[in-house]
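Visitor: Take a look at this one; I'll ask things after.
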Amino acid sequence: MQLDLFEQFEDNKVVCGTDEAGRGPLAGPVVAAAVILPEDFPIEILNDSKKMNQKERDKAEAIIKEKASAWSVTAISHTTIDKINILNASLLGMKR
Numbered sequence: 001m002q003l004d005l006f007e008q009f010e011d012n013k014v015v016c017g018t019d020e021a022g023r024g025p026l027a028g029p030v031v032a033a034a035v036i037l038p039e040d041f042p043i044e045i046l047n048d049s050k051k052m053n054q055k056e057r058d059k060a061e062a063i064i065k066e067k068a069s070a071w072s073v074t075a076i077s078h079t080t081i082d083k084i085n086i087l088n089a090s091l092l093g094m095k096r
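Each residue of the sequence shown is one higher than the one before, starting from 1 at the first, in this note's numbering.
Okay, structure coming up:
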């Protein structure tokens with residue numbers, strides 16, 4: 001499947017945006033997300049989620065899931081964070 005995804009793009013180059021949440025709390029998972037958006041994506045709907053209300057976030061989520069070339073969300077458990085530290089857990093989530 002990965003090859004099919006990369007074959008969609010000229011020169012097999014892809015820009016993938018990533019972000020994470022959950023680095024501040026003392027306990028719990030860290031959650032990371034990644035998305036590849038097509039060139040014609042309506043980027044004006046994107047904003048800092050903390051500046052968006054729930055209705056705006058829900059609308060953006062639906063549009064992203066519908067129009068994205070690919071997207072993924074993953075959670076890294078507190079036990080893994082304890083083993084590899086929060087920075088490496090964040091990076092692992094983004095890699096996944």
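We put the CB at the ideal spot given by N, CA and C, even for glycine.
(1) T74 bridges to which residues according to DSSP?
(2) Please classify D40: does DSSP put it in a helix, a strand, or coil?
(3) For a test of the three-state rule: what should DSSP assign to A21, helix, strand or coil?
(4) With a 10 Å radius around its C-beta and 16 neighbouring C-beta atoms as the bar for buried, classify S49 as buried or exposed.
Guide: Taking the definition as stated:
(1) Secondary-structure assignment with DSSP links T74 through a beta bridge to A32.
(2) Reduced to three states, the DSSP call for D40 is coil.
(3) In the three-state reduction of the DSSP assignment, A21 falls in the strand class, which pools E and B.
(4) S49 is classed as exposed because its beta carbon has fewer than 16 other beta carbons within 10 Å across all chains shown.
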